[in-house]
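Asks:
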Amino acid sequence: MTVTYTARVANARFCGFSKLLLAWKGSIYKVLYKEFLAFFAMYTAISITYRFFLYDDQKRYFEKLAIYCNHYASLIPMSFVLGFYVTLVVNRWWSQYTSIPLPDRLMCVLSGGLQGSDERGRLLRRTMMRYASLSSLLILRSVSTAVFKRFPTMDHVVEAGFMTREERKKFEGLHSPYNKYWIPCVWFTNLAAVARGEGRIKDDHTLKLLLEELNAFRGKCSMLFHYDMISVPLVYTQVVTLAVYSFFLVCLIGRQFLDPGQGYPGHDLDLYVPIFTLLQFFFYAGWLKVAEQLINPFGEDDDDFETNWLIDRNFQVSMMAVDEMYGDLPMMERDRYWNDSNPRPPYTAATLFVLRKPSFQGSTFDMAIPKEEMHFQPLEDIAENLEESGSRHPNMALFNRLLNAAPSPTGLMGGALRRTSAQLQRLRHSPSIDQCTSDDEDNESCKIGKGGSLPSGLGQDTQSTVSSFRDEKSATTPLLEIQFGAEQEKRGVHPAFNHGKLGRGRDGRGDEDGQTRDEGEKTESTRGEIQAPVSLLPPAPSQSKETPNSAIPITSRHPSAFLFNPTAHSSLEHCSSQPIINQNRAVPAIPKPPFGGNKMSFLTVPSYNEPQRFRSVSMGSELTGS
């Protein structure tokens, strides 16, 4: 029977497992002592031969052989192979135990589902439960040596009362080359159908539940059969066994104590008993013995399953449940806590310490929170605080820009201008813009929006957006007054959009550095009608001559950009979607946009010869130009 020591280790104490080391039944000593004595005897024989029977030249050769074996013995992967194998065997061992069919669920359903206290009802319940027990007996007889020794033939099964003689004739009359443990389960289903036809099983739901439990019972019988048929692959078992045995055969020579006078490294001591080699054999060979004992738990080892005890228990319990206990109910009466709303069973003197422990209410039951953090906040304040915190965080502002940015469907700059114009309407009503009249960079009131950043959504393009505001508090131009380039088209004016050059500043005069010599005169003729746009950055350092890398304005035939009314006053000077670059570095010309045309308008407003404030939306920097 399985060795049970659970009660001896119920409480952890000093050297708790040491009490188990003296047990003999089911111990490692009982399993391994023969192999251990054989290994020690062979080691002793080789040591005596080396010390007393070999000549000097033979000893020198044996010493070289011992050093060689000890050096290369570590190449055998003992721990790796043996560890995986034992883990596989232990998992398989427990799975086999959980596959043993138990009749407890089936007998409860049968006792409650098949009605009738007469002789016929009792006969049906007992016969059906006996068929289930017969099926488990047949499968255990096929896989367990202990059960087979108890029931070697079918005559023993009949004499034990699991089968009648008529049933045996029926059983042997069904010819099948396979194991016939399933036949009693079919007889069970046939009797269940008969009971349903007689009305002893009241409805189909009860019949369905009964057959489901029977199928689960039969499924476990089938699993036992397949565990017995499908073993751990033989090659795996052979590899592990050869690895362990070959390692210790090499150790018989490699772990010998050599003559210290020869000066071999690691052989300074000459002992007769290899203590650590014996311990290593005890551990590794004992590990292999554990796998050998658990690989088939249906044998007759000390720790194998007690299958005969299981047969006796299951048969006796199941018959009692469906026959003697059927309809046998104790008289119902009020319990002792009938009028007690808080029933508490008593404790003995040995368990009074349980009453001193407070009942567990949860991990956060004793958690303390400051009183100022326990008040509910209005939802409006929460939304405002979330908006402020999002605007103050630079990464959140950049994240909003990336989420809201989208490619322009109409042109290269059309989408950016539409997004910018939508934000200009918001800036027109923003109180923080008009307050930015000081050049002091530390003035927090001059920050655009709250938290030192623009309102959510401004500068949605992935490029930088640089905007300049007038120092004077003048009315901004509504977006409804923005005109398209039709009026300038009628006058013969072709407004140019300076898309690439940001390195040069302008102070109210037309900047002719961004124009080619071929188009210079044509552009000068139009400056009388339209005032040139104001640059965003301070003027570049003076140069002796015009650099050849000056940006050439690109014209378009399609007047699709916005134009401010030249006569309107606006606080917005200029919007550009290009990144801020070094003012001393010339920027190459931007390629022509994908849409056709030779005219392209740009956003212009009147310029004034006064200091301007520039703000970079993406970087949050401020520039002052004149």
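Under my numbering, think of the first position of the sequence shown as -6, with each following residue one higher.
The C-beta atom is built at its ideal place from N, Cα and C for all residues, glycine as well.
Only a predicted model underlies this, so the values are computations on that prediction, with no experimental measurement involved.
Report the residue ranges of all alpha helix (DSSP H) runs contained in full by the segment 222 to 259; include only those spanning at least 4 residues, in chain order.
Replies: Correct list: 227 to 247.
Asks: Can you tell me whether DSSP reads Leu107 as helix, strand or coil?
Replies: Here the question's residue 107 lines up with position 114 in the sequence shown. Leu107 falls in the strand class under three-state DSSP.
Asks: Specify the secondary structure class of Ile362 as computed by DSSP and reduced to three states.
Replies: Here residue 362 refers to the residue found at position 369 when the sequence shown is read from its first residue. If DSSP states are grouped into helix, strand and coil, Ile362 belongs with coil.
Asks: Please state the DSSP three-state secondary structure of Ile268.
Replies: Here residue 268 corresponds to residue number 275 of the sequence shown, with the count starting at 1. Of the three classes helix, strand and coil, the one that applies to Ile268 here is helix, per DSSP.
Asks: For Tyr43 versus Lys52, is the C-beta distance shorter than 9 Å?
Replies: The sequence position of residue 43 within the sequence shown is 50, counting from 1. The sequence position of residue 52 within the sequence shown is 59, counting from 1. Closer than 9 Å, so yes.
Asks: Can you give me the Cβ contacts of Thr182 inside the same chain, cut-off strictly under 8 Å, excluding the 5 residues immediately before and after it?
Replies: Walking along the sequence shown from the start, residue 182 turns up at place 189. Excluding residues within five positions, the ones whose Cβ falls inside 8 Å are Leu204 and Leu207.
Asks: Run through DSSP, which three-state label would Ile69 get?
Replies: Along the sequence shown, one-based indexing puts residue 69 at 76. Here Ile69 sits in coil by DSSP.
Asks: Helix, strand or coil for Ile39? Go by DSSP, reduced to three states.
Replies: As a first step, residue 39 must be located in the sequence shown, where it is residue number 46. Three-state result, Ile39: helix.
Asks: Tell me Ile194's beta-bridge partners as DSSP assigns them.
Replies: Counted from its first residue, the sequence shown places residue 194 at position 201. BP columns for Ile194 point to Leu107.
Asks: Taking its Cβ as the centre, do 16 or more other Cβ atoms sit within 10 Å of Glu159, making it buried, or is it exposed?
Replies: Position 166 of the sequence shown holds residue 159. Classification for Glu159: exposed.
Asks: Would you tell me roughly how many angstroms separate the C-alpha atoms of Glu377 and Phe369, rounded to the nearest one?
Replies: Along the sequence shown, one-based indexing puts residue 377 at 384. Along the sequence shown, one-based indexing puts residue 369 at 376. Those two C-alpha atoms are separated by around 15 Å.
Asks: Buried or exposed: which applies to Arg134, given that a residue is buried once 16 or more other Cβ atoms fall within 10 Å of its Cβ?
Replies: On the sequence shown, residue 134 is found 141 positions in, with the first residue counted as 1. That one is buried.
Asks: Which one of Tyr229, Val232, Tyr124 and Ser169 has the shortest CA to CA distance from Val179?
Replies: Counting from one through the sequence shown, the residue named residue 179 turns up at place 186. That would be Tyr124, whose Cα lies nearest to the Cα of Val179.
Asks: Report yes if the CB atom of Ala(-5) is closer than 9 Å to the CB atom of Asp305, and no otherwise.
Replies: Position 2 of the sequence shown, counted from the start, is the residue given in the question as residue -5. Position 312 of the sequence shown, counted from the start, is the residue given in the question as residue 305. It is Thr, not Ala, that sits at residue -5 in the sequence shown. In this structure, Asp305 does not lie closer than 9 Å to Thr(-5) by Cβ.
Asks: Tell whether a beta-carbon distance below 9 Å holds between Leu245 and Tyr36.
Replies: Within the sequence shown, the letter at position 252 stands for residue 245. Within the sequence shown, the letter at position 43 stands for residue 36. Cβ atoms of Leu245 and Tyr36: closer than 9 Å.
Asks: Is the distance from the Cβ of Asp345 to the Cβ of Val82 below 9 Å?
Replies: What you label residue 345 is simply residue 352 of the sequence shown in a count that begins at 1. What you label residue 82 is simply residue 89 of the sequence shown in a count that begins at 1. Checking the displayed sequence, the identity of residue 345 turns out to be Leu instead of Asp. For Leu345 and Val82, no; Cβs fall outside 9 Å.
Asks: Three-state secondary structure (DSSP) at Leu99?
Replies: Translated into positions along the sequence shown, residue 99 becomes position 106. Here Leu99 sits in helix by DSSP.
Asks: Within 10 Å of its beta-carbon, does Arg118 have 16 or more other beta-carbons around it, so buried, or fewer, so exposed?
Replies: Here residue 118 corresponds to residue number 125 of the sequence shown, with the count starting at 1. By the 10 Å Cβ count, Arg118 comes out buried.
Asks: Please determine, among Gly106, Thr(-3) and Phe33, the residue with the shortest C-alpha to C-alpha distance to Gln273.
Replies: Locating residue 273 in the sequence shown gives position 280, where the first residue counts as 1. It is Phe33 whose Cα lies nearest to the Cα of Gln273.
Asks: From Ala284 to Tyr78, what does the alpha carbon distance come to, in whole angstroms?
Replies: Here residue 284 refers to the residue found at position 291 when the sequence shown is read from its first residue. Here residue 78 refers to the residue found at position 85 when the sequence shown is read from its first residue. About 8 Å.
Asks: Taking Leu87 as the reference, which of Met312, Pro339 and Tyr220 has the closest Cα?
Replies: Position 94 of the sequence shown, counting from 1, holds the residue named residue 87. A quick correction: the sequence has Trp, not Leu, at residue 87. Ranking Met312, Pro339 and Tyr220 by Cα distance to Trp87 puts Tyr220 first.
Asks: What do you get for Met222, buried or exposed, if any count of 16 or more other CB atoms within 10 angstroms of its CB means buried?
Replies: As a working mapping, residue 222 is identified with position 229 in the sequence shown. By the neighbour-count rule (16 or more Cβ atoms within 10 Å), Met222 is not buried but exposed.
Asks: By how many angstroms is the C-alpha of Thr300 removed from the C-alpha of Gly292?
Replies: Counting from 1 along the sequence shown, the entry for residue 292 is found at position 299. Counting from 1 along the sequence shown, the entry for residue 300 is found at position 307. So the two alpha carbons sit approximately 9 Å from each other.
Asks: Please state the DSSP three-state secondary structure of Lys18.
Replies: On the sequence shown, residue 18 is found 25 positions in, with the first residue counted as 1. Note: Lys18 maps to coil in three-state DSSP.
Asks: Let me confirm a value: Gly247 is counted as buried when at least 16 other C-beta atoms fall within 10 Å, else exposed. Which label applies?
Replies: Stepping through the sequence shown from its first residue, residue 247 is reached at position 254. Flag for Gly247 reads buried.
Asks: Given 8 Å as the limit, tell me if Leu303 has its C-beta closer than that to any heavy atom belonging to the ligand ADP.
Replies: The ligand ADP is not among the ligands present in this structure, which contains no ligands whatsoever.
Asks: Out of Thr(-1), Asp321, Asn307 and Phe353, which one is the CA nearest neighbour of Phe155?
Replies: In the sequence shown, counting from the first residue as 1, residue 155 sits at position 162. The shortest Cα separation from Phe155 among Thr(-1), Asp321, Asn307 and Phe353 belongs to Asn307.
Asks: How many angstroms separate the CA atom of Gly19 from the CA atom of Asp294?
Replies: In the sequence shown, the residue the question calls residue 19 occupies position 26. In the sequence shown, the residue the question calls residue 294 occupies position 301. Rounded to the nearest angstrom, the two C-alpha atoms are 8 Å apart.
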